[in-house]
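Notes for the one structure printed next.
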Amino acid sequence: MNQATERSFVFSKKNAEADEIDRVCWSVPFRFAFCLLFLFLLLSDVVIFSPLSIIPFVGDAISNGISFVAFHAAQWTGVHAFHLSGIAMEAHPTDSRDTALNWITLGLILCASVFGALVWRVLDRRRPHYQTAAAWLRFLLRMLLVFLMLRYGSGKVFPLQMSRPSLAVLNEPLGQSSPMTLLWTMIGLHPLYQILCGAFEMLAGVLLFFRRTALLGALLNAFIMSNVLLFNLFFDVPVKLGAGLILLTTIAVIAPDLGSLYEYFWLHRMTAPTGLWVPPLERREFRIGTRVIEVGFVLLAIYNLVPGAYTMAKQESQNVRHPGALTGEWHVDSDVLRLDGHNVDTPVLTAEGSPLTALYLEPDGRVMARSSDGRLWRAGIQVDPQKRTLSLYSGWFEGTRFQGSYLFAQPDPNHLVLKPFGDGAGMLGTLTLSRVPLPDHYPLLDRGFHWINEWALER
17 MNQATERSFV
27 FSKKNAEADE
37 IDRVCWSVPF
47 RFAFCLLFLF
57 LLLSDVVIFS
67 PLSIIPFVGD
77 AISNGISFVA
87 FHAAQWTGVH
97 AFHLSGIAME
107 AHPTDSRDTA
117 LNWITLGLIL
127 CASVFGALVW
137 RVLDRRRPHY
147 QTAAAWLRFL
157 LRMLLVFLML
167 RYGSGKVFPL
177 QMSRPSLAVL
187 NEPLGQSSPM
197 TLLWTMIGLH
207 PLYQILCGAF
217 EMLAGVLLFF
227 RRTALLGALL
237 NAFIMSNVLL
247 FNLFFDVPVK
257 LGAGLILLTT
267 IAVIAPDLGS
277 LYEYFWLHRM
287 TAPTGLWVPP
297 LERREFRIGT
307 RVIEVGFVLL
317 AIYNLVPGAY
327 TMAKQESQNV
337 RHPGALTGEW
347 HVDSDVLRLD
357 GHNVDTPVLT
367 AEGSPLTALY
377 LEPDGRVMAR
387 SSDGRLWRAG
397 IQVDPQKRTL
407 SLYSGWFEGT
417 RFQGSYLFAQ
427 PDPNHLVLKP
437 FGDGAGMLGT
447 LTLSRVPLPD
457 HYPLLDRGFH
467 WINEWALER
């Protein structure tokens, strides 16, 4: 076949495919369902996951603007329709993605999508199908999944998401742990297991990027996210909304090839995937532009995710090898503010209003704080041994936004005194803490791996 004949054959094939698409006619309910799904998935994914934040220079501003509108609408609805009050009505710093405002936001997006789909169908009621729009939707959702799986996978490949078992967990009865803490401890116990989990998540993202392997990547991702969603449901991890939305997005990406998958796996017939992975663009420059968008989006995702995760993991590894002198469990003995010649108790309050009773300065540099009701809160600390300063901040003291700068002194290795200084020092009390003796070894950490076991070790 000469070059002219080959071009003629390709052109004829494209025309045949275009004619076949033009002959397609979707039912009215199916067209409405597609419009609804199109709007709901794009709006919810953009609002919940903020993928536009990776765009240089303007990404953060765009994402913050979208979040501002969405969450203030949710806040107004929560107060006036659901009578929310207190912390539930605030867009507070938290590691939970299942807050009341998150669920209300998703509900508003669903309502807006229903309304938008109705308007879309009224204005575009003569269109027999949305084959091209479906190809665009699949393309955009595929790129979103690549970003999300690289994001979550990198947090495990560089084992950051589930940290090493906390001193707070190792030194309390197992029955006092929450299901999420138990799950996090189990996965964080062996970093290699977490790394393998992250590697499979990143593999799914890589497979989704290449069009030839995208369906395999989507199927792998569906398996991974189903397992993640089950963990979140049964261990009460507050990311149920996010995991469910990623799984729904993955199913939407697989959907155009469900018929082919059914024929191949169930009917055992020779078949091939029929869904389009990119929009059917005729002009060459548009096809090149689509590929540039794909490659550029992935490169931006890697640039925004991998270097930061690597740096944090490297720093934590160094901290573990050379733990600070203050590492350990510290009980808060007193928190006193001197006012008008009198000592006034000024306890540091956590989000639920309970006083801070203990600080756990972890070997990897992280901090856990315990309140009087037994709850653990994630916090952060910066120590300068030369200047003898210590900054304690409420990375995860939800709602309180606590931050204090202290000069620290140790009368002896087992006692610590924190005196506030700098801005806001007049509102903070002097913290007196005592070190809690801890075991030198823990069977949970020391047991290791054994090929040969005459008896199962349970204790």
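Just so it is clear: in the sequence shown, position 456 is 472 by my numbering, and no numbers are missing. For every residue, glycine included, the Cβ atom is placed at its ideal position computed from N, Cα and C. In this text, all values refer to a predicted model and were calculated from it rather than measured experimentally.
For residue j and residue i, believed in contact at Cβ under 8 angstroms, the rounded distance
i: Ala220; j: Val173; result: The pair is not a contact, with the Cβ atoms about 13 angstroms apart (cut-off 8 angstroms).
i: Pro379; j: Pro339; result: 4 angstroms
i: Val253; j: Met165; result: No, Val253 and Met165 are not in contact; Cβ-Cβ is about 18 angstroms, not under 8 angstroms.
i: Asp349; j: Thr266; result: Contact flag wrong, Cβ pair sits at about 51 angstroms.
i: Glu345; j: Asn187; result: 6 angstroms
i: His347; j: Ala374; result: 5 angstroms
i: Ser276; j: Ala288; result: 7 angstroms
i: Val399; j: Leu342; result: 6 angstroms
i: Lys435; j: Tyr422; result: 6 angstroms
i: Thr446; j: Val352; result: 6 angstroms
i: Gln91; j: Leu117; result: 6 angstroms
i: Pro363; j: Leu372; result: 6 angstroms
i: Pro316; j: Thr306; result: Correcting the residue type first, residue 316 is Leu in the shown sequence and not Pro. With 8 angstroms as the limit, Leu316 and Thr306 do not qualify as a contact, their Cβ atoms being about 16 angstroms apart.
i: Arg167; j: Leu321; result: 5 angstroms
i: Leu408; j: Ala395; result: 7 angstroms
i: Ala149; j: Thr121; result: 25 angstroms between Cβ atoms; not a contact.
i: Gly291; j: Met218; result: Incorrect: roughly 24 angstroms between the Cβ atoms, too far for contact.
i: Leu444; j: Gly464; result: That belief does not hold up - the Cβ atoms of Leu444 and Gly464 are roughly 44 angstroms apart, past 8 angstroms.
Limits of the alpha helix (DSSP H) - the one that residue i falls within
i: Pro207; result: 207-225
i: Gly258; result: 256-270
i: Tyr278; result: 274-281
i: Arg154; result: 147-173
i: Met241; result: 230-250
i: Ile70; result: From DSSP, Ile70 is part of no alpha helix (DSSP H); its letter is neither H nor E.
i: Val44; result: 44-65
i: Val185; result: 183-186
i: Pro459; result: 459-462
According to DSSP, residues forming a beta bridge with residue i
i: Glu345; result: Tyr376, Val452
i: Tyr422; result: Leu406, Pro436
i: Arg300; result: Paired residues: none, contrary to the question.
i: His431; result: Asp428, Ser450
i: Val360; result: Leu353
i: Pro371; result: Leu365
Span of the beta strand (DSSP E) around residue i
i: Gln398; result: 392-400
i: Met384; result: 383-387
Any chain C beta carbon closer than 8 angstroms to residue i
i: Tyr319; result: Looking for chain C here will not work: only one protein chain is present.
Taking one C-beta from the stretch 159-178 and one from the stretch 296-308 each time, how about it: are there three or more such pairs within less than 8 angstroms?
Verdict: no, contact absent.
Is it the case that the stretch 227-244 contacts the stretch 129-147, given that we only count it when at least three CB pairs across the two stretches are under 8 angstroms?
At 8 angstroms Cβ cutoff, the stretches do not touch.
Note down, one range per segment and in chain order, each beta strand (DSSP E) of at least 3 residues found wholly within the stretch 96-139.
For the beta strand (DSSP E) assignment, the stretch 96-139 encloses no uninterrupted run of at least 3 residues.
Touching or not, the stretch 39-49 and the stretch 106-123, by the rule of three or more beta carbon pairs under 8 angstroms?
Using a C-beta cut-off of 8 angstroms, the stretch 39-49 makes no contact with the stretch 106-123, since fewer than three inter-stretch Cβ pairs fall below that distance.
Quick check: the stretch 264-275 against the stretch 124-131, are at least 3 beta-carbon pairs closer than 8 angstroms?
Result no; under three Cβ-Cβ pairs closer than 8 angstroms.
Sufficient close CB pairs (3 or more, under 8 angstroms) joining the stretch 174-187 to the stretch 223-238
As far as the Cβ criterion goes, the stretch 174-187 does not touch the stretch 223-238, which means the pair count is below three.
Are three or more beta carbon pairs between the stretch 42-62 and the stretch 140-149 nearer than 8 angstroms?
Counting Cβ pairs under 8 angstroms, three or more are found: they touch.
Counting Cβ pairs closer than 8 angstroms, one from the stretch 146-155 and one from the stretch 193-213, do we hit at least three?
Verdict: no, contact absent.
Pair every Cβ in the stretch 45-57 with every Cβ in the stretch 79-95, then say whether three or more of these pairs are closer than 8 angstroms.
Remark: fewer than three beta-carbon pairs, one from each stretch, lie closer than 8 angstroms, so the stretch 45-57 and the stretch 79-95 are not flagged as touching.
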